[in-house]
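S.K.: Each residue of the sequence shown is one higher than the one before, starting from 168 at the first, in our numbering. Beta carbons: idealized from backbone N, C-alpha and C, even for Gly. Dumping the structure here so I can ask a few things about it.
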Amino acid sequence: MSKRDNLAKIAIIGLGFVGLSLTAVLASKGYKTIGIDVDKLKCNKISQGNSTFFEPKLEKMLRDGLKKDLVISNNFSLINDCDYIFVTVGTPQRSNGAIDLSMIKKAVTSIGEIIRHSKNNPIILIKSTVIPGTMQDIILPILEERSNKKAGKDFGLISNPEFLQESSAIKDTIYPHVIVLGGYKTKFMKKMQSFFHKLHPNIPIIITNHQTSEMIKYANNSFLATKISFINQLSSICQNIPGANIDDIATTIGLDPRIGKQFLNAGPGYGGSCLPKDIKALINFSDKAGIKPTLLHAVEKTNENQLEQIIKLIKKIIGKDSGVQISVLGTAFKPDTDDIRDSISVELIKKLLVLKNKSKIIVYDPKAMNNTKKLFEDKIRYAKSISESIKNSKIIILMVNWKEFQGLNNNSFKKSSRVKIIDCRRILADKKFDADYYAIGIGRE
Ligand SMILES: NC(=O)c1ccc[n+]([C@@H]2O[C@H](COP(=O)([O-])OP(=O)(O)OC[C@H]3O[C@@H](n4cnc5c(N)ncnc54)[C@H](O)[C@@H]3O)[C@@H](O)[C@H]2O)c1
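As structure tokens, this is what we get:
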């Protein structure tokens with residue numbers, strides 16, 4: 168980093184998964200960084216070097232940053248003399264599938280009011296995922312009106328979508344695969360291009376307009392969801408071919424460089440805070456534009472079917488019994504995170520809770536127990552370990568590929584009689600069990 172860059176003062180608005188990861192990385196690299204969030208309690212916790220969620224390597228990086236020039240606050244006026252302002256607030260889903268822009272509208276309103284009195288010409292970068300047209304039709308007018316200044320002249324406005332994955336957020340923030348900068352080709356764009364080039368040498372920088380940049384993010388996530396639904400549909404077919412194994416198929420087709428190996432892990436369906444929300448928002452947007460998004464609908468339907476087939480199997484196993492204890496292993500939306508937002512495991516539990524047979528549900532997750540407790544309260548039971556969760560359970564469902572679950576073997580189930588294992592991730596596929604074992608994507612012989 169050059170000395171001039173080092174002097175740049177950077178604000179990040181919204182300290183969630185994206186914002187806190189960026190804040191910690193920039194601060195640890197020595198930038199004068201200010202992390203702003205409306206949630207005062209969150210700010211207090213972060214200021215003490217504690218993350219509000221689990222993300223590998225994040226806390227260490229945050230503490231490195233706090234030893235340097237990092238300030239965390241809920242006071243927006245601190246952004247007054249910042250050179251770059253990244254907006255990373257949430258854009259959650261509304262019930263009709265459209266995104267809720269209330270947080271981003273509030274955030275840019277606050278930014279506009281602060282820069283109205285500022286002598287700086289800051290560059291505002293929108294990292295939050297927003298539907299095409301949002302920058303031009305909503306964000307830009309709010310900023311110009313509130314600041315009484317002109318975008319492109321008095322301040323820069325750039326769409327800068329984020330592609331990080333939770334569980335590797337720090338690595339992805341330090342080494343992104345691409346930087347997308349959407350907006351007008353002004354001096355501000357040149358400045359950001361050079362900033363990112365120095366921050367991430369050798370990483371491609373795509374410069375385009377606002378709406379294309381916004382659309383790139385949706386294209387990215389809907390393609391990933393499509394890949395998952397594709398392999399999940401194949402896995403359902405494999406289940407009807409005795410001995411067929413979806414992992415061998417995925418590994419092999421993944422070696423074809425035209426296909427690529429990632430996002431070909433068959434399972435109970437995609438979940439998390441991004442893919443379901445983004446595909447729904449794109450469907451909603453396409454409908455409004457008069458385009459029937461038939462492929463995207465099929466991707467969603469395939470995802471729903473994936474969970475339905477697990478429920479169907481559970482119902483078949485339960486039969487007429489009531490009060491059956493079901494152990495759900497893993498509630499996070501993926502391993503190495505405690506995020507349960509739109510987790511497929513949470514969807515499964517919700518569906519099990521409304522089954523007529525009044526099953527007793529017990530769950531275990533290495534990191535997501537607190538979040539799960541907040542959501543389900545006393546509707547389900549919470550185990551302190553895998554063994555406590557599987558003890559006395561008739562059905563054990565492996566939902567998340569946590570490393571800890573790989574240690575399960577035939578001995579683990581000795582104390583539970585007539586146990587049925589449903590392995591949605593084929594974690595135990597190579598082991599021999601006395602118990603009945605069903606694996607998603609493997610044809611029973
Ligand atoms: N989580 C991911 O993996 C990921 C990846 C890529 C892109 N994104 C996108 O990035 C955005 C942020 O996602 P996230 O998962 O980090 O969200 P999050 O919900 O974890 O965090 C958002 C933060 O913004 C704060 N906030 C809300 N309104 C605010 C305001 N007016 N001013 C200041 N702070 C405010 C909230 O208190 C919260 O801490 C979303 O648009 C999301 O779609 C997320």
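Excluding the 5 residues flanking L174 on each side, which residues of the same chain have their C-beta closer than 6 Å to its C-beta?
M.R.: Result list for L174: empty, nothing under 6 Å.
S.K.: Please determine, among P368, I383, P409 and L542, the residue with the shortest C-alpha to C-alpha distance to E329.
M.R.: Of the listed residues, the one whose Cα sits closest to E329 is I383.
S.K.: Assess contact between the stretch 516-534 and the stretch 455-466, defined as three or more Cβ pairs (one per stretch) separated by less than 8 Å. Is contact present?
M.R.: No, because fewer than three Cβ pairs between the stretch 516-534 and the stretch 455-466 fall closer than 8 Å, the two stretches do not touch.
S.K.: For S552, does the count of other Cβ atoms within 10 angstroms reach 16, so buried, or fall short, so exposed?
M.R.: Exposed: under 16 other Cβ atoms inside 10 Å.
S.K.: Measure the C-alpha to C-alpha separation of S295 and V254 and round it to an integer number of angstroms.
M.R.: Answer to the nearest angstrom: the Cα atoms are 6 Å apart.
S.K.: Report the partner residues of N432 according to the DSSP bridge assignment.
M.R.: Note: N432 sits in no beta bridge, so no partner.
S.K.: Under the DSSP definition of a beta bridge, which residues are partnered with A596?
M.R.: DSSP lists no partner for A596.
S.K.: CB of C591 to nearest heavy atom of ligand 1: below 7 Å?
M.R.: The answer is no for C591.
S.K.: Helix, strand or coil: how does DSSP classify D248 here?
M.R.: Note: D248 maps to helix in three-state DSSP.
S.K.: Could you spell out where the alpha helix (DSSP H) holding V513 opens and where it closes?
M.R.: Counting along the chain, the alpha helix (DSSP H) containing V513 begins and ends at I511 to L520.
S.K.: Starting from the Cα of G202, find the closest Cα among L208, L187 and Q215 and give me that residue.
M.R.: Selected option, being the one with the closest Cα: L187.
S.K.: Would you check if the stretch 302-317 and the stretch 282-291 touch, i.e. whether three or more CB-CB distances between them fall below 8 Å?
M.R.: Touching, yes.
S.K.: Per DSSP, which one or two residues make a beta bridge with F253?
M.R.: Answer is I179 and L292, bridged to F253.
S.K.: Less than 8 Å between the C-beta atoms of I291 and I337, yes or no?
M.R.: No, the Cβ-Cβ distance between I291 and I337 is not below 8 Å.
S.K.: Note down the Cα distance separating K170 from K365, rounded to an integer number of angstroms.
M.R.: Unreliable placement is indicated for K170, whose pLDDT of 49 sits below 50; no coordinate value is reported for it.
S.K.: Contact defined as beta carbons within less than 8 Å: I believe V192 pairs with I325. What is the distance between those atoms, to the nearest angstrom?
M.R.: The Cβ separation is near 19 Å, so there is no contact.
S.K.: Over the uninterrupted beta strand (DSSP E) stretch that includes Q303, give me the two end residues.
M.R.: Premise fails: Q303 is in no beta strand (DSSP E) and is neither H nor E.
S.K.: Please specify which runs of the beta strand (DSSP E), each continuous and at least 3 residues long, are wholly inside the stretch 523-578, giving them in chain order.
M.R.: As far as the stretch 523-578 is concerned, its whole beta strand (DSSP E) runs of at least 3 residues are 527-531 and 562-565.
S.K.: Is the CB-CB distance between G350 and H367 below 8 Å?
M.R.: Their beta carbons are not under 8 Å apart, which means G350 does not touch H367 by this criterion.
S.K.: Where does Y385 fall in DSSP's three states?
M.R.: Helix, per DSSP.
S.K.: State yes or no: is the C-beta of A274 nearer than 7 Å to some heavy atom of ligand 1?
M.R.: Yes, ligand 1 has a heavy atom inside 7 Å of this Cβ.
S.K.: Do the CB positions of L519 and I528 come within less than 8 Å of each other?
M.R.: Result yes, Cβ atoms of L519 and I528 sit closer than 8 Å.
S.K.: Who does V238 pair with in a DSSP beta bridge?
M.R.: Per DSSP, I201.
S.K.: Using the DSSP secondary-structure output, state which residues sit across from S326 in a beta bridge.
M.R.: In the DSSP output, where bridge partners are listed per residue, S326 has I293 and G349.
S.K.: So what does DSSP say about Q406, is it helix, strand or coil?
M.R.: In this structure, Q406 counts as coil in the three-state DSSP scheme.
S.K.: For D267 versus P259, is the C-beta distance shorter than 8 Å?
M.R.: Yes, Cβ-Cβ distance for D267 and P259 is below 8 Å.
S.K.: If you measure from the CB of F390, is any heavy atom of ligand 1 nearer than 7 Å?
M.R.: Flag unset: Cβ of F390 not near ligand 1.
S.K.: Is it true that the stretch 203-219 meets the stretch 487-504, where meeting means three or more beta-carbon pairs spaced less than 8 Å apart?
M.R.: Segments in contact, no.
S.K.: Please classify G436 as buried or exposed, where buried requires at least 16 neighbouring CB atoms within 10 angstroms.
M.R.: Under this definition G436 is a buried residue.
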